[in-house]
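Q:
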Amino acid sequence: MAELTHMIDSEVFLAFSTYATIVVLKMMLMSPMTGYFRITRKAFANQEDTSLASSTEDKKKLVRVDPDVERVRRCHQNDLENIIPFVVIGLLYTLTGPDLSTALLHFRVFVGSRLFHTVAYVLPLPQPSRAVAFLIGLVTTSSMASRVLITALYL
Amino acid sequence: MAELTHMIDSEVFLAFSTYATIVVLKMMLMSPMTGYFRITRKAFANQEDTSLASSTEDKKKLVRVDPDVERVRRCHQNDLENIIPFVVIGLLYTLTGPDLSTALLHFRVFVGSRLFHTVAYVLPLPQPSRAVAFLIGLVTTSSMASRVLITALYL
Amino acid sequence: MAELTHMIDSEVFLAFSTYATIVVLKMMLMSPMTGYFRITRKAFANQEDTSLASSTEDKKKLVRVDPDVERVRRCHQNDLENIIPFVVIGLLYTLTGPDLSTALLHFRVFVGSRLFHTVAYVLPLPQPSRAVAFLIGLVTTSSMASRVLITALYL
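Top to bottom, those sequences are chains H, S and U.
Here this note's numbering is used: the first residue of the first sequence is 25, the next is one more, and so on.
Here this note's numbering is used: the first residue of the second sequence is 25, the next is one more, and so on.
Here this note's numbering is used: the first residue of the third sequence is 25, the next is one more, and so on.
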């Protein structure tokens, strides 16, 4: 690994911090989006939540599954399954001291693929647009992981 | 970013390590809690798990969905969606060299809000107690993210 | 905490990077495995995904829940709930400057337990093999967390 004192103030680390924060904020936005769909579709997961939407309707009926809500939730779940590995492996990758241009390429491609993935999932766009966005993200993270293993392998 | 050699032994980093570990341990406790409810409610997700609870009853009937188990699982899922972003952004935030008192305020408010969120979800407490706890956590993490982006922005 | 400039190039940090990358890659493999089962079992989560498997069959019937797909998804979810805490707490643990042999023991036991957990979940093996694998992972992460709290406690 490169010397961390030099790495941590490097442009690679600043770039990682920026892109990781952006993509994690995007992931966090899925929670309010789920809440928005739950309230507009009147489809809640808990009996006590129904008071947020209505004080008159039959509340038992509001605890139900709605296809739009489930779509946003699947998108959120896919984010958890892909963005968290990117952040973990991206941090270790950053500490291996990659070229700035190579690192930026990885970070930009990943974040771009996940932004497009969200649009493709929520609208939804026809397949294979979402599948391609997912695969690009997976390949990007795997590429960073291979550099970490090549640079740091210690079993 | 601040010089890491000074940051990593700083009180801010020690505080981050402490609060991040506490809130991740809290999240991990949801797994045994789910197991506890699965065994006491006799509601399992897998056919092979039914042998943990009973050797005599009709095992097929034990693979079922139970409202108490699902409640704990939704709480666990909400933890994943909120505590992991806090840890990622909190680490980057710590490396920007914030004031100790400001950092402690963020860490304490977040961890407090999540502890209360769990109580509000599992009991459950009437809304909007859980919604408020969730929103306080979201705002705290967003506040740290804004400082990371202001300090480290490199696109 | 130990001096980071010494820690980051240390064998403990290299070992952490290696094992964290391996176990996160294993977790990421659950996504393609889910995709494989969705296509072979013809059980999709979204209407637009059905075009991936068939252009002739009744597509509405392909949006359905399949037990094999759900099994892989539960395994993936369990990974998220356990591997992410390992990575977070393992990083902080690494920065406390543990003995190399103690650290390697923790990393190897955790990664081994999760590899076995996946096999035990997907095949599946009879219980309590999966429960034991899960518990070993939980205890390993808790052991590292206790060292972090003992070394770094700052409330």
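No residue lacks a Cβ here, since even glycine has one placed at the ideal position from N, Cα and C.
For Q67 (chain H) and D73 (chain H), what's the separation of their Cα atoms in angstroms?
A: By 1-based counting over the first sequence, the position of residue 67 (chain H) is 43. By 1-based counting over the first sequence, the position of residue 73 (chain H) is 49. Checking the sequence, you will find Ala at residue 67 (chain H) rather than Gln. Cα-Cα distance, rounded: 10 Å.
Q: For T64 (chain H), does the count of other Cβ atoms within 10 angstroms reach 16, so buried, or fall short, so exposed?
A: Start at 1 with the first residue of the first sequence, and residue 64 (chain H) comes out as number 40. Exposed, by the Cβ-count rule.
Q: Between the Cα of V36 (chain U) and the Cα atoms of U:D103, U:R95, U:L119 and U:G59, which residue gives the shortest distance?
A: For the purposes of this step, residue 36 (chain U) is taken as residue 12 along the third sequence, with counting starting at 1. Here the closest residue by C-alpha is U:L119.
Q: Is V112 (chain U) a contact residue of the ligand SAH, with contact defined as CB to any heavy atom under 7 Å?
A: The ligand content of the structure shown is nil, which means the ligand SAH is not present either.
Q: Which residues share a DSSP beta bridge with V87 (chain H)?
A: As a first step, residue 87 (chain H) is located in the first sequence; it is residue number 63 there, counting from the start. BP columns for V87 (chain H) point to H:F68.
Q: Just to confirm my understanding: we take I46 (chain S), look at its own chain, exclude 5 residues before and 5 after, and list those with CB closer than 7 Å. What are they?
A: The residue you call residue 46 (chain S) lines up with position 22 of the second sequence. V135, listed in sequence order.
Q: Determine the direct distance from the alpha carbon of R138 (chain S) to that of S167 (chain H), and round the result to whole angstroms.
A: What you label residue 167 (chain H) is simply residue 143 of the first sequence in a count that begins at 1. What you label residue 138 (chain S) is simply residue 114 of the second sequence in a count that begins at 1. In a straight line, the C-alpha of S167 (chain H) is about 35 Å away from that of R138 (chain S).
Q: Counting only Cβ pairs nearer than 8 Å, list the residues of chain S close to L129 (chain U).
A: Here residue 129 (chain U) refers to the residue found at position 105 when the third sequence is read from its first residue. In chain order: nothing, as chain S lies at least about 20 Å away.
Q: What separation, rounded to the nearest whole angstrom, lies between the Cα atoms of Q101 (chain U) and M54 (chain H)?
A: Your numbering for residue 101 (chain U) matches position 77 in the third sequence. Your numbering for residue 54 (chain H) matches position 30 in the first sequence. Rounded to whole angstroms, Q101 (chain U) to M54 (chain H) spans 18 Å at the Cα level.
Q: By the three-class DSSP mapping on this structure, what secondary structure does P122 (chain U) have?
A: Here residue 122 (chain U) is taken as the residue at index 98 of the third sequence, counted from 1. If DSSP states are grouped into helix, strand and coil, P122 (chain U) belongs with coil.
Q: Would you mind sorting I174 (chain S) into buried or exposed? The rule is 16 or more other CB atoms within 10 Å of its CB.
A: Locating residue 174 (chain S) in the second sequence gives position 150, counting from the first residue. Exposed: under 16 other Cβ atoms inside 10 Å.
Q: Output yes or no for whether 8 Å exceeds the beta carbon distance between P152 (chain U) and M52 (chain S).
A: Taking the first residue of the third sequence as 1, we reach residue 152 (chain U) at position 128. Taking the first residue of the second sequence as 1, we reach residue 52 (chain S) at position 28. Cβ distance not < 8 Å, so P152 (chain U) and M52 (chain S) don't count as in contact.
Q: So if I threshold CB-CB distances at 8 Å, which residues from the stretch 87-109 of chain H count as touching chain S?
A: H100, L104 and I108
Q: For K83 (chain H), which residues from the same chain have a beta carbon less than 6 Å from its beta carbon, with the 5 sequence-adjacent residues on both sides left out?
A: Your numbering for residue 83 (chain H) matches position 59 in the first sequence. Around K83 (chain H): T74.
Q: Can you tell me whether D123 (chain U) is buried or exposed? The criterion is at least 16 other CB atoms within 10 Å of its CB, across all chains shown.
A: The residue given as residue 123 (chain U) occupies position 99 in the third sequence. Flag for D123 (chain U) reads exposed.
Q: Quick one: does Q71 (chain U) have its CB under 8 Å from some CB of chain S?
A: Translated into the one-based positions of the third sequence, residue 71 (chain U) becomes position 47. By this cut-off, Q71 (chain U) is not an interface position.
Q: Checking 8 Å against the spacing of the C-beta atoms, do L177 (chain U) and T142 (chain S) come in under that value?
A: Numbered from 1 along the third sequence, position 153 holds the residue referred to as residue 177 (chain U). Numbered from 1 along the second sequence, position 118 holds the residue referred to as residue 142 (chain S). Not closer than 8 Å, so no.
Q: Please state whether DSSP places Q101 (chain U) in a helix, a strand or coil.
A: Along the third sequence, read from residue 1 onward, the residue named residue 101 (chain U) stands at position 77. Q101 (chain U) falls in the helix class under three-state DSSP.
Q: Between L38 (chain S) and chain U, is there a C-beta pair that is closer than 8 Å?
A: One-based indexing of the second sequence puts residue 38 (chain S) at position 14. Yes, contact with chain U.
Q: Nearest chain H C-beta to A169 (chain U) closer than 8 Å, yes or no?
A: Looking up residue 169 (chain U) in the third sequence gives position 145. No, A169 (chain U) does not count as interfacial toward chain H.
Q: Enumerate in chain order the residues of its own chain whose CB-to-CB distance from A26 (chain U) is below 8 Å, with the five nearest sequence positions on each side excluded.
A: Your numbering for residue 26 (chain U) matches position 2 in the third sequence. Because A26 (chain U) sits at a pLDDT of 48, beneath the cut-off of 50, its placement in the model cannot be relied upon, and the point is left open.
Q: Can you give the Cα-Cα distance for L49 (chain U) and S125 (chain U), rounded to whole angstroms?
A: Mapped onto the third sequence, residue 49 (chain U) falls at position 25. Mapped onto the third sequence, residue 125 (chain U) falls at position 101. Their backbone Cα atoms lie some 24 Å apart in a straight line.
Q: Could you tell me whether the Cβ of L49 (chain S) comes closer than 8 Å to any Cβ of chain U?
A: If you number the second sequence from 1, residue 49 (chain S) lands on position 25. Yes, its Cβ sits closer than 8 Å to a Cβ of chain U.
Q: By Cβ distance, which residues of its chain are closer than 7 Å to T29 (chain S), with the 5 residues on each side in sequence left out?
A: As a first step, residue 29 (chain S) is located in the second sequence; it is residue number 5 there, counting from the start. Residue placement at T29 (chain S) is flagged as unreliable, the pLDDT there being 49, under the threshold of 50; a coordinate-derived value is accordingly withheld.
Q: Considering only the alpha carbon of each residue, which of H:R88, H:V133, H:R95 and H:V93 lies closest to V156 (chain H)?
A: Looking up residue 156 (chain H) in the first sequence gives position 132. When each option's Cα is compared against that of V156 (chain H), the closest is H:V133.
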